[in-house]
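Contents: one structure, followed by commentary.
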Amino acid sequence: MKIAIVGKGNVGSALGEGLRLARHEVRYASKDPKEPIADVVLWADAVILAVPWTSHKVIAASAGKFFDDKTVVDVSNILTPNMELAMGFTTSGAEELQKLLPKARVVKAFNTVFAQNMRDGRLKGERLTAFIAGDNIVGKEIVRKMAEDIGFDCVDTGPLSSARYLEPLGMLNIKLGYGLKMGTDIGFTLVRERAASRSRAA
Ligand SMILES: NC(=O)c1ccc[n+]([C@@H]2O[C@H](COP(=O)([O-])OP(=O)(O)OC[C@H]3O[C@@H](n4cnc5c(N)ncnc54)[C@H](OP(=O)(O)O)[C@@H]3O)[C@@H](O)[C@H]2O)c1
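Everything in the sequence shown is counted per my numbering, starting at 3 for the first residue and increasing by one.
So this is what it looks like as structure tokens:
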């Protein structure tokens, strides 16, 4: 796949490295005018938005139309400046992003994993779970392939509104890792009977 990554920070770099190791083509977009979002997104089959959620509005305002019909991966955790959840219950960051990019196929993914563990989706010999949520089946299959090619075990949690549960789970990861000082060498794995859970999600 041709995968555009907007944002070259911790998450963008780690996912980009993992996807390149899995032989996907990766190009980055940034604030640098030499790496414009429009060009890179138009080139791509799918786009990972690896930026803070507070940048979604400005990106949609400046380049929103280029995301039409693209699969867009929302990795963000929806935090306030004092590290609390900024929304929940009746909406989620992912659903708000979908409103900003109404013709894109927004899929929530990877927000429950620390960037340090995104390069190969593994920790201490275990495959970490990449929970995904989205309303578009094609988009979710693309993101499932990305996650599995990197090395994650992928679990479809249903419609995009399931991001209302994945965003607090990302918050829990942060609280455990930083608040309770367990560090970033931690992650979630859903133990289950794999064939059954895959057919139920379909
Ligand atoms: N770090 C983690 O472990 C982790 C885990 C799960 C999810 N997440 C989520 O992943 C996202 C990225 O986190 P991160 O840790 O990678 O942050 P980061 O290291 O601060 O990187 C963010 C990147 O986004 C870029 N950016 C911001 N606004 C932009 C815009 N308008 N156009 C283009 N690029 C823009 C920044 O560029 P500049 O430096 O030039 O501003 C920077 O390269 C966040 O939403 C976070 O909640 C992070």
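Where is the CB? At the ideal position from N, CA and C, for every residue including glycine. For clarity, every value in this text was computed on a predicted model and none was experimentally measured.
Residue i: first and last residue of the uninterrupted alpha helix (DSSP H) it sits in
{"i": "G18", "result": "N12 to L23"}
{"i": "K142", "result": "I139 to I152"}
{"i": "I39", "result": "I39 to W45"}
{"i": "V60", "result": "H58 to A65"}
Environment of residue i [buried if 16+ CB atoms lie within 10 Å]
{"i": "S78", "result": "buried"}
{"i": "S64", "result": "exposed"}
{"i": "G123", "result": "buried"}
{"i": "L192", "result": "exposed"}
{"i": "N175", "result": "buried"}
{"i": "G11", "result": "exposed"}
{"i": "L212", "result": "What the structure shows of the chain is the stretch from 3 to 204, and residue 212 is not part of that stretch, so it cannot be assessed."}
{"i": "K110", "result": "buried"}
{"i": "R25", "result": "exposed"}
Counterpart residues of residue i in DSSP-defined beta bridges
{"i": "I7", "result": "Y30 and I50"}
{"i": "V74", "result": "V49 and V108"}
{"i": "L81", "result": "L87"}
Boundaries of the beta strand (DSSP E) in which residue i is found, first to last residue
{"i": "A165", "result": "Taken as a continuous stretch (DSSP letters only), A165 belongs to no beta strand (DSSP E), being part of the alpha helix (DSSP H) at A165 to I176."}
{"i": "D158", "result": "D155 to D158"}
{"i": "I134", "result": "T131 to G136"}
Residue i to residue j span [Cα, whole Å]
{"i": "R22", "j": "F116", "result": "19 Å"}
{"i": "P35", "j": "L17", "result": "22 Å"}
{"i": "M173", "j": "T114", "result": "8 Å"}
{"i": "N119", "j": "P104", "result": "31 Å"}
{"i": "I188", "j": "G179", "result": "7 Å"}
{"i": "P161", "j": "G141", "result": "12 Å"}
{"i": "I80", "j": "W55", "result": "6 Å"}
{"i": "P194", "j": "P38", "result": "Strictly speaking, residue 194 in this sequence is Arg, with Pro absent from that position. C-alpha separation (whole angstroms): 42 Å."}
{"i": "G136", "j": "G127", "result": "29 Å"}
{"i": "G20", "j": "V53", "result": "18 Å"}
{"i": "I134", "j": "D76", "result": "10 Å"}
{"i": "C156", "j": "G181", "result": "27 Å"}
{"i": "I7", "j": "A46", "result": "9 Å"}
{"i": "P170", "j": "K59", "result": "21 Å"}
{"i": "E143", "j": "D71", "result": "15 Å"}
{"i": "L87", "j": "V74", "result": "22 Å"}
{"i": "S32", "j": "I61", "result": "10 Å"}
{"i": "K67", "j": "E27", "result": "23 Å"}
{"i": "L102", "j": "M184", "result": "36 Å"}
{"i": "F69", "j": "L125", "result": "33 Å"}
{"i": "T2", "j": "P83", "result": "Nothing about residue 2 can be reported from this structure: the residues present for the chain run from 3 to 204 only."}
{"i": "I50", "j": "A40", "result": "13 Å"}
{"i": "A106", "j": "Q100", "result": "7 Å"}
{"i": "S163", "j": "G14", "result": "24 Å"}
{"i": "R146", "j": "K177", "result": "26 Å"}
Contact test: residue i Cβ vs ligand 2 heavy atom, cutoff 7 Å
{"i": "F116", "result": "Ligand 2 is not among the ligands present in this structure, which contains only ligand 1."}
Alpha helix (DSSP H) runs contained entirely in the region 84 to 128, provided each spans 4 or more residues: 95 to 102
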